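>
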């Protein structure tokens with residue numbers, strides 16, 4: 008059957024005077040329709056009802072209301088309503104109202120008034136839709152007699168209560184209008200009693216949206232209900248809402264049914280809230296979502312005192328999301344964001360207020376392909392974190408990430424740990440403290456990639472002029488970056504100052520560990536620190552209470568093709584006042600740079616202004632591994648008690664590389680320099696330079712120099728700049744086939760004494776070069792000077808420039824020989840007055 012009514016007044020007005028509008032399709036496959044097109048309706052009605060009352064029935068209505076006018080509902084003694092119902096299987100009911108509906112009690116009966124607005128889909132595969140452009144709820148006129156006060160209540164229902172049923176409600180603007188009067192107008196006699204969004208069937212869906220400007224209180228019930236139905240979805244969006252008398256408002260949300268969905272979104276929220284937020288999606292493929300946002304420009308402020316936040320996606324492939332945008336004050340809060348197998352958990356917080364306080368933050372995954380993400384931001388306000396910050400990605404291809412952006416605000420850390428760990432194959436764990444001026448104290452900072460292709464990274468911005476102190480625990484504190492498995496990657500960037508300082512008064516020595524270790528094949532570990540300060544411990548005049556503070560650097564690549572790097576832009580050793588300060592209780596214990604496998608690479612640079620002594624172990628170790636590379640750069644370094652030092656840089660493995668570079672060294676040295684590259688394609692290098700303008704002088708008594716590149720295509724380099732006193736020294740520079748040996752010596756002091764100089768090649772394309780210079784000092788050479796180029800296209804070269812000083816030759820041979828095809832041998836003794 009088909010019943011249809013269309014009224015088209017071509018822009019004319021339709022006055023409705025207190026009746027009902029009822030559109031009902033009550034039989035199988037029947038259709039009932041009402042269309043008020045091009046018609047400006049106004050007036051009053053008791054109710055509007057659209058019902059699809061049998062299987063596959065179809066009922067619809069469309070009403071255009073005059074602009075600037077309205078239709079008033081509320082003239083009957085019954086509880087008036089606007090309702091759309093799809094009651095049977097595959098039925099469909101729809102109502103579109105373009106314009107303004109006023110819900111207003113027009114009966115002087117001294118009774119409370121209840122209005123019902125809703126869309127209900129009760130049949131299997133049924134659908135019910137209600138769209139209202141503007142809905143106004145008006146209070147009743149009341150007298151000065153409180154006994155005659157009457158309430159006007161609105162109940163909103165969106166429910167899909169059968170399998171695969173769908174119910175939709177959209178109210179573009181809802182307003183609560185107080186008409187005034189002589190009564191007890193201080194009280195609020197307008198109330199939204201309840202907003203129910205229910206999906207109570209397998210695959211059922213219920214969606215509601217209400218905008219405008221309205222308020223609710225603690226007696227209002229907001230319910231999103233999917234019960235335990237599989238694949239059910241319930242969603243409610245609110246905008247322009249004020250919540251008063253917030254006692255009893257609960258934003259905890261749990262979805263336990265498989266494939267179920269529950270979401271509450273409130274934009275332009277005006278609300279003050281004290282409490283916690285707990286969102287859990289525990290069913291397989293379930294989803295839980297909550298968003299609360301403010302709009303201060305339009306007078307909507309969301310102010311919250313938050314105790315705890317839990318965002319947990321524990322069901323397989325579940326998803327949970329919490330977004331908060333307001334003025335959010337954290338009070339000793341704990342934050343947990345957790346995701347299980349294939350699940351996703353997201354926390355997005357914007358608007359942290361000044362001096363908020365968080366106990367701990369945990370962002371973690373525990374399942375393959377899981378994702379746990381947390382974003383915290385403020386408008387340049389300060390935040391304190393008193394405990395641990397933990398980011399853990401466990402599960403293949405899992406992702407755990409924490410980002411804190413205070414937009415220039417300060418982050419105070421109070422004695423916890425920072426731990427970023429990617430512990431499963433292809434997992435990623437990340438921490439980003441950006442635009443954040445961090446300071447305070449920590450026990451340790453640890454970034455670990457602990458499985459194949461795992462990726463772990465962290466970035467910390469520390470406040471200019473401030474620092475983070477590490478040393479608050481009674482264990483050996485550390486800053487460590489570890490990539491332990493094949494193709495894993497771990498990285499830590501610290502922009503600012505870290506202070507290593509023992510704050511535990513236990514009368515024990517303190518050991519700090521700073522390093523980057525790449526232990527997996529093709530792994531990479533990287534640590535960058537802007538400024539590192541090592542402090543001594545305060546001690547008394549009683550030597551028995553003196554305690555040492557030790558710093559240990561470790562940069563090691565211990566598997567094939569692994570790469571480890573450490574960069575400390577500035578290291579400072581700071582002595583505090585007091586106690587037996589004549590002794591040095593600060594000590595860099597060791598600097599280990601190791602590449603202990605084929606193709607491994609380990610690089611370190613430490614700048615600043617610091618000292619080491621003979622107890623310090625500086626180790627550049629490639630053992631006998633081919634293609635291994637180690638390099639250590641030091642700057643502004645003072646070496647004291649130097650007797651134990653021998654600068655020998657020997658590389659015997661094929662394709663291996665070893666380099667020590669100390670720029671601006673302050674050092675008194677006596678001994679030999681032995682640089683050998685004996686493996687095929689091996690490289691060995693040593694550079695020592697001074698900076699007298701900044702009181703850093705390298706004074707050396709040199710007994711022997713031997714630079715040998717005897718491996719095929721190898722290279723050996725020695726570059727020394729200082730005040731160098733040669734005492735009966737021998738200098739040998741040798742290169743074999745395709746090899747290169749290079750010596751550059753600047754700063755020979757007056758009256759230095761060399762026995763023999765030999766610069767030679769023994770192989771095709773070999774190159775051996777030696778450059779010796781002084782600033783006008785005299786030099787004696789008591790033995791032979793030999794420059795021998797043997798091998799096709801070989802080069803042997805010696806240059807001595809004394810800048811006007813005298814060169815004394817003492818009765819031996821001076822031979823320059825090019826003995827092979829296309830070979831070259833040069834000796835240039837210039838800038839020197841030679842005699843002898």
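In our numbering, the protein residues as written are 8 to 843. Heads up, the beta-carbon is just placed ideally off N, CA and C, and yes, glycines get one too. Since the structure is predicted, the reported quantities are computational estimates derived from the model, not experimental observations.
1. Is the beta carbon of residue 216 within less than 7 Å of some heavy atom of the ligand SAM?
2. Looking at the structure shown, is residue 304 part of a helix, part of a strand, or coil, going by DSSP?
3. Grab me the residues of residue 55's own chain with a C-beta within less than 6 Å of its C-beta, minus the 5 sequence neighbours each way, in chain order.
4. Between the beta-carbon of residue 445 and the beta-carbon of residue 468, is there less than 8 Å?
5. Let me check understanding here. Comparing Cα to Cα, which of 222, 217 and 206 lies closest to residue 877?
6. According to DSSP, simplified to helix, strand and coil, what is residue 662?
7. Using the beta-carbon count (16 or more within 10 Å), is residue 8 buried or exposed?
8. Which ranges does the beta strand (DSSP E) cover as unbroken runs of at least 3 residues, wholly within the stretch 30-62, from first to last along the chain?
9. Would you please state the rounded distance, in angstroms, between the beta carbons of residue 737 and residue 711? I believe it to be under 8 Å.
10. Can you name the residues that DSSP bridges to residue 428?
11. Distance, Cα to Cα, residue 809 vs residue 580?
12. Under 6 Å Cβ to Cβ from residue 465, same chain only, skipping five residues before and after it: list those, please.
13. Answer yes or no: do residue 267 and residue 237 have a C-beta to C-beta separation smaller than 8 Å?
14. I'd like to check one pair, residue 383 with residue 408: are the Cβ atoms closer than 8 Å?
15. Mind listing, in chain order, the continuous beta strand (DSSP E) runs of no fewer than 3 residues lying wholly within the stretch 314-376?
16. Threshold first: 3 residues or longer. Then list the beta strand (DSSP E) segments lying entirely within the stretch 724-750, N to C.
17. DSSP puts residue 511 in a beta bridge; with which residues?
18. Which of the three DSSP states, helix, strand or coil, is assigned to residue 701?
19. Tell me which same chain residues have a C-beta within less than 8 Å of the C-beta of residue 265, skipping the five on either side of it?
20. Would you decide whether residue 604 is buried or exposed? Buried here means 16 or more other CB atoms lie within 10 Å of its CB.
21. Under a Cβ-count criterion, where at least 16 other Cβ atoms within 10 Å of its own Cβ denotes burial, should residue 22 be classed as buried or exposed?
22. Are the beta-carbon atoms belonging to residue 660 and residue 640 less than 8 Å from one another?
23. From this set, 183, 609 and 735, which residue's C-alpha is nearest residue 248's C-alpha?
24. Can you grab the Cα-Cα spacing for the pair residue 217 / residue 226, in whole Å?
25. Counting beta carbon pairs with one atom in the stretch 196-215 and one in the stretch 164-176, are three or more of them shorter than 8 Å?
26. In the DSSP output, which residue or residues are listed as bridge partners for residue 715?
27. Under the DSSP definition of a beta bridge, which residues are partnered with residue 837?
28. Name the one or two DSSP bridge partners that residue 769 has.
29. Going by DSSP, name the residue or residues bridged to residue 656.
30. Using only the alpha-carbon positions, how far apart do residue 598 and residue 511 sit?
31. Report yes if the CB atom of residue 563 is closer than 8 Å to the CB atom of residue 524, and no otherwise.
32. Quick one: is residue 589 buried, meaning 16 or more other Cβ sit within 10 Å of its Cβ, or exposed?
33. Answer with buried or exposed for residue 478, where buried requires no fewer than 16 other C-beta atoms within 10 angstroms of its C-beta.
34. In whole angstroms, what is the alpha-carbon distance linking residue 70 and residue 13?
35. From the DSSP output, in three-state form, read off residue 470 for me.
36. Are residue 626 and residue 595 touching if we call contact CB-CB under 8 Å?
Taking the structure as given:
1. Ligands in the displayed structure: none, and consequently the ligand SAM is not present.
2. Stepping through the chain shown from its first residue, residue 304 is reached at position 297. Residue state, collapsed to three classes: helix.
3. Position 48 of the chain shown holds residue 55. Correct list, in chain order: 28 and 89.
4. Reading the chain shown from its first residue, position 438 is the one you call residue 445. Reading the chain shown from its first residue, position 461 is the one you call residue 468. Closer than 8 Å, so yes.
5. Nothing about residue 877 can be reported from this structure: the residues present for the chain run from 8 to 843 only.
6. Counting from 1 along the chain shown, the entry for residue 662 is found at position 655. Reduced to three states, the DSSP call for residue 662 is coil.
7. Here the question's residue 8 lines up with position 1 in the chain shown. Flag for residue 8 reads exposed.
8. 38-59
9. In the chain shown, residue 737 corresponds to position 730, counting from 1. In the chain shown, residue 711 corresponds to position 704, counting from 1. 5 Å between Cβ atoms; contact.
10. Start at 1 with the first residue of the chain shown, and residue 428 comes out as number 421. Partner(s): 399 and 455.
11. Against the chain shown, residue 809 aligns to sequence position 802. Against the chain shown, residue 580 aligns to sequence position 573. Whole-angstrom Cα-Cα distance: 39 Å.
12. The count along the chain shown starts at 1 and reaches residue 465 at position 458. If we look at residue 465 and ignore the five residues flanking it on each side, its Cβ neighbours are 427, 438, 454 and 499.
13. Along the chain shown, one-based indexing puts residue 267 at 260. Along the chain shown, one-based indexing puts residue 237 at 230. Against a cut-off of 8 Å, the Cβ pair of residue 237 and residue 267 comes out as a contact.
14. Residue mapping note: residue 408 aligns to position 401 of the chain shown, counting from 1. Residue mapping note: residue 383 aligns to position 376 of the chain shown, counting from 1. No. Outside cutoff.
15. 326-347, 351-359 and 363-373
16. none
17. By one-based count along the chain shown, residue 511 stands at place 504. According to DSSP, which records beta bridges pairwise, residue 511 is partnered with nothing at all.
18. As a working note, residue 701 is residue 694 in the chain shown. Reduced to three states, the DSSP call for residue 701 is helix.
19. In the chain shown, counting from the first residue as 1, residue 265 sits at position 258. Excluding positions up to five away in sequence, the list reads 237, 238, 290, 291, 292, 293 and 322.
20. As a working mapping, residue 604 is identified with position 597 in the chain shown. Label assigned to residue 604: buried.
21. If you number the chain shown from 1, residue 22 lands on position 15. Around the beta-carbon of residue 22, fewer than 16 other beta-carbon atoms lie within 10 Å, marking it exposed.
22. Locating residue 660 in the chain shown gives position 653, where the first residue counts as 1. Locating residue 640 in the chain shown gives position 633, where the first residue counts as 1. No, they are not a contact pair.
23. What you label residue 248 is simply residue 241 of the chain shown in a count that begins at 1. Among 183, 609 and 735, the Cα nearest to that of residue 248 is on 183.
24. Taking the chain shown and counting its residues from 1, the one referred to as residue 217 is at position 210. Taking the chain shown and counting its residues from 1, the one referred to as residue 226 is at position 219. Taking the straight line from one Cα to the other gives about 18 Å.
25. yes
26. Residue numbering aside, residue 715 sits at position 708 when the chain shown is read from its first letter. The partner list for residue 715 (beta bridge, DSSP) reads 683 and 741.
27. Position 830 of the chain shown holds residue 837. In DSSP, residue 837 forms a bridge with 808.
28. If you number the chain shown from 1, residue 769 lands on position 762. Answer is 743 and 797, bridged to residue 769.
29. Indexing the chain shown from 1 puts residue 656 at position 649. Looking at the DSSP assignment, residue 656 forms a beta bridge with 682.
30. Sequence index remark: in the chain shown, residue 598 carries index 591 (1-based). Sequence index remark: in the chain shown, residue 511 carries index 504 (1-based). Answer to the nearest angstrom: the Cα atoms are 25 Å apart.
31. What you label residue 563 is simply residue 556 of the chain shown in a count that begins at 1. What you label residue 524 is simply residue 517 of the chain shown in a count that begins at 1. Yes. Within cutoff.
32. Translated into positions along the chain shown, residue 589 becomes position 582. Summary for residue 589: the model assigns pLDDT 41, below 50, so the residue's position carries little reliability, and this model does not support an answer.
33. Here residue 478 corresponds to residue number 471 of the chain shown, with the count starting at 1. Buried: at least 16 other Cβ atoms inside 10 Å.
34. Residue 70 sits at position 63 when you count from the first residue of the chain shown. Residue 13 sits at position 6 when you count from the first residue of the chain shown. So the alpha carbons of these two residues sit roughly 10 Å apart.
35. As a working mapping, residue 470 is identified with position 463 in the chain shown. Of the three classes helix, strand and coil, the one that applies to residue 470 here is coil, per DSSP.
36. Here residue 626 refers to the residue found at position 619 when the chain shown is read from its first residue. Here residue 595 refers to the residue found at position 588 when the chain shown is read from its first residue. No, the pair does not count as a contact, with Cβ atoms beyond the cut-off.
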